[in-house]
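Following: one structure in structure tokens, then a few remarks.
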Amino acid sequence: MKAYEILFIVDPTINDETRAGAMKRIDTAITENGGVIDNVDNWGKRKLAYEIDKLTEGDYTLINFQADPDQIAELDRVCRITDAIKRHMIVRRPDHEE
3 MKAYEILFIV
13 DPTINDETRA
23 GAMKRIDTAI
33 TENGGVIDNV
43 DNWGKRKLAY
53 EIDKLTEGDY
63 TLINFQADPD
73 QIAELDRVCR
83 ITDAIKRHMI
93 VRRPDHEE
């Protein structure tokens with residue numbers, strides 16, 4: 003397995019239930035085929051560098067995880083179809099691999 007991190011932004015005005023649902027979908031996409039979540043870091047509300055869908059702030063979450071490279075396409079698809087997630091980025095972390 004390789005080490006990755008995903009940073010995603012959700013609308014800060016959505017309710018906690020919707021935010022938890024988006025987090026659960028990402029969690030399921032990572033762990034359903036043997037991936038392991040190492041750390042979840044909620045950065046909270048931050049100002050966006052530019053306006054996205056008429057939003058000037060976003061709620062950021064960073065997840066460090068390990069997964070097989072073929073799982074990344076499915077995780078990317080899940081993030082794109084989840085309406086609560088406004089932006090996301092998945093990056094490989096070669097400095098954290100075993």
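Residues in the sequence shown are numbered from 3 upward in steps of one, following this note's numbering.
No residue lacks a Cβ here, since even glycine has one placed at the ideal position from N, Cα and C.
*C-alpha distance - D2 paired with I39, whole-angstrom precision*: No answer is possible for residue 2: it lies beyond the span of the chain, which begins at 3 and ends at 100.
*Three-way DSSP call (helix, strand, coil) for E34 in this model*: Annotated three-state conformation of E34 is coil, per DSSP.
*asked:* Relative to the C-alpha of G37, which candidate in E59, K4, R94 and W45 has its C-alpha closest?
replied: If we check each option's Cα against that of G37, K4 comes out closest.
_DSSP-derived helix/strand/coil call for R95_ = Three-state DSSP puts R95 in coil, outside helix and strand.
*Proximal residues to D43 (C-beta, below 6 Å), its chain only, five neighbours per side dropped*: Contacts found: L64.
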